[in-house]
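In what follows, a single structure is set out as structure tokens and then discussed.
Residue numbers (this note's numbering): 5 to 203.
If you want it as structure tokens, here you go:
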């Protein structure tokens, strides 16, 4: 006897399908800027849903990003860059502030949600100076929110613990965490569009 599916569950599945399709259909864009690979994902919206609700309730939201590069179809990671961003919301100005708390620290304020998302993505990069221009590469961007109670294990007195950050992405996201993934490849470095500092 086939299992019965409730009308509500069926409707939720139908409504969610376009969103899942839109996210999975988008491929990660890459820009070769100087010696770095930068990401482009104009349709990726991560300051939204429960994260946006938390921000408008006065809480800050932490996002972890991992940009990984593979030479064998994502089987093994050849290089990776992990970053941490904290986003907050100004209730009076109705604008967002964002700070990068790993690597070269910097911040920005007075941003719209889309501008804050773009700022985070533009801050993510991977050293490509040792890559052979002709060799095929695969690149993947993983982004997820982190539970506030677990931040203390990632941030210590000496700063960001990169080993712990890698562990964050080595385990599945919990139900309380939002996550996004985009990838691309195979493609060659020589075929990637050059950015403004790419020469």
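Backbone N, C-alpha and C fix where the C-beta goes; we use that ideal spot for every residue, glycine too.
Query                                                                                                                                                                     : Result
Thinking just about the alpha-carbon of each residue, which of 106, 129, 126, 94 is nearest to the one in residue 113?                                                    : 94
With a threshold of 8 Å on Cβ separation, who are the neighbours of residue 44 within its own chain once the five nearest residues in sequence on each side are excluded? : 32, 33, 34, 35, 125
In the structure shown, what three-state DSSP assignment does residue 190 receive?                                                                                        : strand
Output needed for residue 120: all residues of its chain with C-beta closer than 7 Å, excluding positions within five of it in sequence on either side, in chain order.   : 51, 91, 100, 102
Just tell me which of 139, 86, 78, 135 has its CA closest to the CA of residue 207.                                                                                       : The structure shown does not extend to residue 207, since the chain is modelled only from 5 to 203, so the question has no answer here.
Using C-beta distances below 8 Å, list every residue in its chain close to residue 115, excluding the 5 sequence neighbours before and after it, in chain order.          : 99, 100, 101, 102, 123
Apart from the five residues just before and just after residue 40, which ones in its own chain have a Cβ nearer than 7 Å to its Cβ?                                      : 129, 130, 131, 132
Go ahead and pull the three-state DSSP assignment for residue 195.                                                                                                        : helix
Can you tell me the Cα-Cα spacing of residue 62 and residue 56, whole angstroms?                                                                                          : 10 Å
For residue 143, which of 199, 72, 87, 134 has the nearest alpha-carbon?                                                                                                  : 72
Measuring CA to CA, which of 199, 147, 196, 200 is closest to residue 183?                                                                                                : 147
Taking only three categories from DSSP, how would you classify residue 57?                                                                                                : helix
Once you ignore the five residues that flank residue 190 on each side, which residues in its own chain have a CB closer than 8 Å to its CB?                               : 77, 140, 141, 142
Entirely within the stretch 94 to 150 and at least 3 residues each: give me those beta strand (DSSP E) ranges in chain order.                                             : 99 to 104, 110 to 115, 129 to 131, 140 to 149
Can you say whether residue 138 is buried or exposed, counting buried as having 16 or more other CB atoms within 10 angstroms of its CB?                                  : exposed
Closest to residue 58 by CA distance: which of 118, 74, 181 is it?                                                                                                        : 181
Taking just the CA atoms, how far does residue 83 sit from residue 127?                                                                                                   : 17 Å
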